[in-house]
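Residue numbers (my numbering), protein chains in the order written: chain A, 196 to 360; chain B, 196 to 360. Just so you know, even glycine gets a beta-carbon here, dropped at the ideal spot from N, CA and C. Below is one structure, written out as C-alpha cells; comments come after it.
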RNA sequence: UGACACCCCUUUAU
DNA sequence: ATAAAGGGGTGTCA
C-alpha cells in the first residue's frame with residue numbers, strides 16, 4: 196500500500212489539509228482525490244486572513260463540494276489530520292446545530308459564544324446531511340501517508356499563491 | 196531563595212501565583228519580590244491537597260508573611276493574576292468578616308454557608324488589617340509580565356516539590 | 001449569564 | 001523551543 200488506507204476498491208479516498216502562517220495571516224487549503232491508489236483529481240486555494248483550524252475545515256468543505264459536483268452519491272472517505280475538523284464533523288456538528296451553532300458548556304472556557312467559523316460549519320453540515328455516503332476520518336499527519344503529504348504540499352502552494360495576486 | 200537588603204527607597208513589588216494539579220490534588224504557591232525592577236527575594240512551597248483558588252490566596256498570604264518578617268511597614272504592592280484573590284482581599288474581605296466569614300443567602304431562608312478556605316482568609320485579613328502599607332492589585336496572567344511569569348514558574352516548582360519529600 | 005485562574009488533550013505554524 | 005487555533009474538566013465571585 197503506497198497511498199491511502201486499505202480497502203480502496205470502490206469509491207474515493209480524499210485527503211485534505213490546511214495550513215496557516217501566523218506572520219502574514221495567510222492560509223491555504225487543499226484536497227487530493229484517489230481512486231484505487233491513483234490520484235484522479237486535486238484542488239487547492241489560498242485565503243488572505245484565516246486561522247489554522249478554519250483552513251482545515253475549509254479543506255473538508257472544498258472536498259465535499261468537489262464530490263457533490265463530480266461524483267455525487269458515490270461512497271467517499273475524506274481523510275483529515277485535524278482532530279478539530281474530524282471531531283467537528285462527526286461528533287460536535289449535531290450538537291452545535293442543536294445549540295444554534297453556539298457553545299454551551301457551563302463552567303467551560305468559552306461559554307455560549309458562537310462557535311468559530313460558524314458559516315463554514317453550517318455549510319459543511321448542510322452538505323454532509325445531504326450526502327450520507329461521505330465519511331470523515333482522521334489520519335496522522337506528517338507520518339508518511341502519501342495522500343496526506345500530497346495534500347500538505349498543495350495546501351502550502353495554495354497559501355503561497357496569495358502573495359502573487 | 197535569594198535575599199537582599201530591604202529596599203530603602205520606596206517599596207516593593209511582590210508578584211504571587213498559585214497552581215494546582217487536579218489529578219494529584221497537589222498545589223504550589225510562590226512569591227517574587229522586586230525592588231526597582233530587580234528581584235531581591237522569592238519563596239515557594241507545595242501543598243498536598245488543595246484547590247487552585249486556595250493556592251492563589253496562600254501565595255498572597257505567604258507574601259504578606261515575608262513582608263511582615265523582612266520589611267514591615269514598607270510600602271508594598273502584591274500583584275496577583277487571580278480576580279478571586281484580589282477581590283477577596285479588597286472587596287469581600289470586610290463583608291465576609293462582617294458576616295462571620297459566611298456567605299449570606301439571597302433568599303434569607305436556608306443556612307449561611309462558610310466561605311471556602313475561611314482559615315486562610317481570616318489569616319490574610321488579620322495581617323492586612325495590621326499592615327495598611329500593603330496593597331493588593333491585579334495583573335493579567337500569561338501576558339509576558341516578567342514577575343508574573345517568574346512566580347508562575349516558581350509555584351510549579353513548589354508543586355513538584357511535593358513528590359520528592 | 002459574565003469574569004478570573006488552574007489542570008489535561010489535539011492540531012497547526014515558525 | 002516558541003506561539004496559536006481548538007476540545008474537555010476544576011475552583012471561585014457577582
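If you draw a straight line from the C-alpha of residue i to the C-alpha of residue j, how long is it?
i: residue 238/B; j: residue 226/B; result: 5 Å
i: residue 355/A; j: residue 255/A; result: 19 Å
i: residue 252/A; j: residue 292/B; result: 53 Å
i: residue 342/B; j: residue 211/B; result: 8 Å
i: residue 231/B; j: residue 340/A; result: 56 Å
i: residue 268/A; j: residue 262/A; result: 8 Å
i: residue 246/B; j: residue 216/B; result: 8 Å
i: residue 209/B; j: residue 288/A; result: 47 Å
i: residue 235/B; j: residue 290/B; result: 35 Å
i: residue 241/B; j: residue 266/B; result: 24 Å
i: residue 249/B; j: residue 270/B; result: 25 Å
i: residue 264/A; j: residue 320/A; result: 17 Å
i: residue 328/B; j: residue 296/A; result: 51 Å
Just to confirm, are residue i and residue j a CB contact at a threshold of 9 Å?
i: residue 284/A; j: residue 260/A; result: no
i: residue 276/A; j: residue 317/A; result: no
i: residue 350/B; j: residue 206/B; result: no
i: residue 310/B; j: residue 298/B; result: yes
i: residue 353/B; j: residue 224/B; result: yes
i: residue 307/B; j: residue 326/B; result: no
Using only alpha-carbon positions, find the residue among the options that is nearest to residue i.
i: residue 333/A; options: 254/A, 281/A, 229/A; result: 281/A
i: residue 286/A; options: 271/A, 222/A, 330/A; result: 330/A
i: residue 229/A; options: 251/A, 217/A, 272/A; result: 272/A
i: residue 345/A; options: 217/A, 233/A, 206/A; result: 233/A
i: residue 348/B; options: 222/B, 206/B, 217/B, 208/B; result: 222/B
i: residue 244/B; options: 296/B, 321/B, 312/B; result: 312/B
Which word fits residue i, buried or exposed, when buried means at least 16 other C-beta atoms lie within 10 angstroms of its C-beta?
i: residue 337/B; result: exposed
i: residue 219/A; result: exposed
i: residue 358/B; result: exposed
i: residue 257/A; result: buried
i: residue 278/A; result: exposed
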